[in-house]
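Going by this note's numbering, the sequence shown opens with residue 783, and the numbers climb by one from there.
Quick reminder that beta carbons are idealized off the backbone N, C-alpha and C, glycines included.
Heads up: the structure comes next, in structure tokens.
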Amino acid sequence: MGNKKTKEEGTNRRKFIKLGLISSITAVAGPSLFSNLTAQEENPVSENKNNDFVEKMRLLTPDGKIVEVDATNINKYPEAHITPKESRKGIPNRKFVMVIDLAKCKNARNCVEECQKAHQLDYNEEFMKIQLMQDNEEASPYWFPKPCFHCDEPPCVTVCPTGATFKRDDNIVLVDADRCIGCKFCVTSCPYSARIFNWGNKDKFDNTTIPYSPETSIPATEGTIMKCDFCPDLLRQGLLPHCAKSCPMGVIYFGDKNEDIVTNGEETIRFSKLIKERGGYRHLEHLGTKPNVYYLPAVNRQFPLERGFDVDEDIIKRYKNVDYVKELKEQGKI
Ligand code: SF4
Ligand code: SF4
Ligand code: SF4
């Protein structure tokens, strides 16, 4: 970018670098590098041979080394509007994947709320749902964030009669509301209840100037289907999805299977290592849908379950008939 900045400014801005994703990288950085910087934070600057102060980016190489390159050598995908037709192609050479660490989730619900804001959803419309799970009577309950799993064998795509639901090469499953006839075949075929019907009531948003894109899922159309889209508009800009970025506990890792790297914005780690060493699994694996969302088991939980009821009264009401929650209430713990 070649921004002229003073040396002092540059030093001040070197304070903090958050991790993130970037899409493609030119020859200087090497084609197989995967960035660990977010474009939302100020990047460090340094002086080049022309005495200009240029923005730097830190990248993680496939062999785990951090290298620093000029931001001008990084090709980000354009922030241009992606039409429904273009949205079918996917982002080249990527296989996006999410990993959710159940040991760290305390139902803070930032992921739900930030996703709702970005996708103009109402309070009771959730692309990310936080469920209270208990695997058997003896086991302790835990919080279970559940987006769309962007399955490799997605029954929702198979049953859609109009091609409105489609699977891309970068692993993402999207809905094109322009083609959706609201038949709800996909809703009944999804074993994870990831889809929501749009009943309307979106009048509060002034969307007259926003062009529709399946990559943003807005403006939504009444009478069609909506679901988690993995935020491809952010991925094109080298940013993490809203849910991953907003989680104060670092529960949600997001990344690229091709590069074998995921990040929660603070920690960047090999995807394969994380899954292997922490016993990563996919929800209802036996169904054969091959989700691209993995879970790390809720062992050695970092927060007691009660902490997850602090958010608001409505959460307690939702689970009022669950025995364990009744007990917590009787004991005055929630
Ligand atoms: S989780 Fe459901 S909606 Fe998402 S891709 Fe899989 S089957 Fe389709
Ligand atoms: S509701 Fe829309 S996306 Fe779902 S199966 Fe019918 S046409 Fe396809
Ligand atoms: S990936 Fe995006 S759409 Fe999906 S739950 Fe997270 S914020 Fe919502």
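Would you mind stating whether D934 and I873 have Cβ atoms separated by less than 8 angstroms?
-> As a working note, residue 934 is residue 152 in the sequence shown. As a working note, residue 873 is residue 91 in the sequence shown. The answer is no: Cβ separation not under 8 angstroms.
Spell out whether any CB of chain C is found under 8 angstroms from the CB atom of P993.
-> Absence of chain C from the displayed structure is noted, only one protein chain being present.
Do R961 and ligand 1 come close, with the Cβ less than 7 angstroms from some heavy atom?
-> Your numbering for residue 961 matches position 179 in the sequence shown. No, Cβ of R961 sits at least 7 angstroms from all heavy atoms of ligand 1.
Under three-state DSSP, which class holds A809?
-> Position 27 of the sequence shown, counted from the first residue, corresponds to residue 809. Unreliable positioning characterises A809 in this predicted model, as indicated by a pLDDT of 26, which lies under 50. The coordinate reading is nonetheless provided below. A809: coil per DSSP, three-state reduction.
8 angstroms Cβ cutoff met for G1062 and N1046 = Residue 1062 sits at position 280 when you count from the first residue of the sequence shown. Residue 1046 sits at position 264 when you count from the first residue of the sequence shown. Taking 8 angstroms as the Cβ cut-off, G1062 and N1046 do not qualify as a contacting pair.
Return the residue from the list L1078, K911, C942 and S971 that minimises the CA-CA distance to T1071.
-> As a working mapping, residue 1071 is identified with position 289 in the sequence shown. Checking every option, the nearest Cα to that of T1071 belongs to S971.
For I882, the first and last residue of its enclosing beta strand (DSSP E) = On the sequence shown, position 100 is the one that residue 882 refers to. Run containing I882: F878 to D883, per the beta strand (DSSP E) assignment.
Rounded to whole angstroms, what's the CA-CA distance from V894 to P943? Just pull it up for me.
-> Counted from its first residue, the sequence shown places residue 894 at position 112. Counted from its first residue, the sequence shown places residue 943 at position 161. Near 30 angstroms, if we compare the C-alpha coordinates of P943 and V894.
Within the structure, which residues are defined as neighbours of ligand 3 by a Cβ-heavy atom distance below 6 angstroms, reported in chain order?
-> C897, F909, M910, P929, C1010, D1011, F1012, C1013, P1023, H1024 and C1025
The alpha helix (DSSP H) with P1014 in it runs from where to where?
-> For this step, residue 1014 is matched to residue 232 along the sequence shown. Element bounds for P1014: P1014 to R1018.
Contact set for A890: own chain, Cβ-Cβ below 6 angstroms, skip 5 residues either direction | The count along the sequence shown starts at 1 and reaches residue 890 at position 108. Once the five neighbours on either side are set aside, the close Cβ partners of A890 are P1030.
Among L1056, V1075 and L1110, nearest to F931 - alpha-carbon criterion = By one-based count along the sequence shown, residue 931 stands at place 149. Nearest C-alpha to F931: V1075.
Per-residue DSSP class, three states only, for G751 = No statement about residue 751 is possible, as the shown extent of the chain runs from 783 to 1116 and does not include it.
Enumerate, from N- to C-terminal direction, the unbroken beta strand (DSSP E) stretches of 3 or more residues contained entirely within the stretch 977-1002.
-> none
Terminal residues of the continuous beta strand (DSSP E) containing D1038?
-> Within the sequence shown, numbered from 1, the residue matching residue 1038 stands at position 256. Start and end: I1034 to D1038.
If V1123 and R977 are in contact, beta carbons under 8 angstroms, what's the gap, nearest whole angstrom?
-> With the chain covering only 783 through 1116, there is no way to say anything about residue 1123.
Short check: CB of K1039 to CB of V879, under 8 angstroms?
-> The residue labelled residue 1039 in the question sits at position 257 within the sequence shown. The residue labelled residue 879 in the question sits at position 97 within the sequence shown. Contact: yes.
Thinking just about the alpha-carbon of each residue, which of I1097, N1103, E1088 and L956 is nearest to the one in Q1113?
-> Your numbering for residue 1113 matches position 331 in the sequence shown. Measuring from the Cα of Q1113, the nearest candidate turns out to be E1088.
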